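Numbering (my numbering), first residue to last: 206 to 429. Idealized CB from N, CA, C, for every residue including glycine. Remember, it's a predicted structure, so these values are computed and weren't measured experimentally. Take a look at the structure below.
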Ligand SMILES: NC(=O)c1ccc[n+]([C@@H]2O[C@H](COP(=O)([O-])OP(=O)(O)OC[C@H]3O[C@@H](n4cnc5c(N)ncnc54)[C@H](O)[C@@H]3O)[C@@H](O)[C@H]2O)c1
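In structure tokens form, the structure reads like this:
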């Protein structure tokens with residue numbers, strides 16, 4: 206498979222490395238080569254099976270528009286662009302394919318499932334904590350927002366507070382707490398290495414090859 210990685214930052218560079226290790230051809234572009242999606246032209250995308258985006262919120266929106274307009278396939282790991290989610294899903298349902306996820310860690314996908322189970326508790330107050338590195342652009346994290354949505358889907362009307370911390374090079378920690386009058390339950394996931402995220406994104410790209418439409422990683426990760 207030929208994969209085009211957008212973003213040579215902390216995550217994109219690992220995605221390229223993992224993709225090569227898994228035997229894929231890899232091209233990678235950073236902002237200087239792809240300002241405002243300028244490199245995403247038909248000739249440049251010819252032969253590319255899947256594009257993987259780990260850039261920044263506004264860049265990801267431009268990249269998705271360009272790739273989908275050309276009928277290409279794109280995996281988007283970038284977070285913070287979800288105000289445009291419906292537009293992108295609609296585009297992908299007409300042309301090309303889109304797979305997006307707030308977190309490509311399989312461990313975090315398990316946390317999502319366990320949170321749905323925890324949220325069934327009655328009489329508890331739920332809260333979410335997240336800690337990331339100081340250069341993260343969005344707060345709260347996309348993962349924390351997903352966790353809140355999961356709790357709210359089970360407990361309509363519940364007020365779920367999110368607390369965000371930005372510390373050093375923290376790779377991503379999320380805690381879901383259910384506090385009751387007599388006890389407290391806590392689910393915690395802590396990323397030790399970004400490799401797990403990169404591997405999840407590459408496996409997502411392998412899954413998306415040959416498909417069309419719009420997919421949330423949460424819905425498909427156990428088919429990979
Ligand atoms: N979904 C997940 O599992 C997951 C995991 C890690 C990070 N993220 C998200 O991925 C994004 C990137 O994270 P990071 O930590 O790698 O950031 P980073 O700042 O280390 O890297 C981003 C890179 O993208 C480049 N870039 C910006 N615009 C571009 C463009 N138009 N074309 C190509 N490259 C461009 C920047 O120059 C930079 O090198 C963030 O939104 C982050 O929240 C998601």
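Among the options, the one whose alpha carbon lies nearest that of residue i
i           : options               : result
residue 298 : 307, 276, 288 and 306 : 276
residue 236 : 244, 220 and 229      : 244
residue 288 : 303, 270 and 266      : 266
residue 367 : 380, 400 and 314      : 380
residue 425 : 224, 213, 314 and 239 : 314
residue 348 : 362, 409 and 285      : 285
residue 377 : 429, 344 and 385      : 344
residue 386 : 327, 224, 312 and 214 : 327
residue 238 : 223, 300 and 264      : 264
residue 214 : 412, 354 and 261      : 261
residue 429 : 340, 271 and 411      : 411
residue 312 : 223, 271 and 395      : 395
residue 362 : 331, 271 and 227      : 331
Sequence-distant residues of the same chain with beta carbon closer than 6 Å to residue i, five excluded per side
i           : result
residue 250 : 275 and 277
residue 209 : 232, 253 and 256
residue 397 : none
residue 518 : There is simply no residue 518 to check, as the chain begins at 206 and stops at 429 in what is shown.
residue 224 : 208, 231 and 407
residue 420 : 304
Residue j beta carbon less than 7 Å from that of residue i
i           : j           : result
residue 369 : residue 335 : yes
residue 403 : residue 234 : no
residue 356 : residue 365 : yes
residue 390 : residue 319 : no
residue 229 : residue 206 : yes
residue 293 : residue 279 : no
residue 422 : residue 409 : yes
residue 295 : residue 351 : no
Inter-residue CB distance, residue i and residue j (contact presumed, cutoff 8 Å)
i           : j           : result
residue 383 : residue 305 : Not a contact, Cβ separation roughly 28 Å.
residue 317 : residue 406 : Not a contact, Cβ separation roughly 17 Å.
residue 388 : residue 338 : Not a contact, Cβ separation roughly 33 Å.
residue 300 : residue 273 : 6 Å
Own chain, CB closer than 8 Å to residue i, minus 5 neighbours either side, in chain order
i           : result
residue 247 : 275
residue 291 : none
is_contact[residue i, chain D] using C-beta, thresh 7 Å
i           : result
residue 260 : The question asks about chain D, but that chain is absent: this structure has only one protein chain.
Same chain, Cβ closer than 7 Å to residue i, neighbours up to 5 away in sequence not counted
i           : result
residue 216 : 259, 282, 399, 402 and 403
residue 359 : 321, 324 and 325
residue 221 : 210, 231 and 233
Proximity test, residue i beta-carbon vs ligand 2 heavy atom, cut-off 6 Å
i           : result
residue 374 : As far as ligands go, the structure on display features ligand 1 and does not contain ligand 2.
Taking the runs of the alpha helix (DSSP H) that are 4 residues or longer, which of them lie wholly in the segment 338-368?
Within the segment 338-368, the complete alpha helix (DSSP H) runs of at least 4 residues are 347-359.
Residue ranges of each alpha helix (DSSP H) run of no fewer than 4 residues wholly in the segment 263-347, ordered along the chain?
Counting whole runs of 4 or more residues, the segment 263-347 contains the alpha helix (DSSP H) stretches 290-299 and 311-323.
At 3 residues or longer, and completely inside the segment 387-412: list those beta strand (DSSP E) runs for me, N to C.
Taken in chain order, the complete beta strand (DSSP E) segments of 3 residues or longer contained in the segment 387-412 are 389-395.
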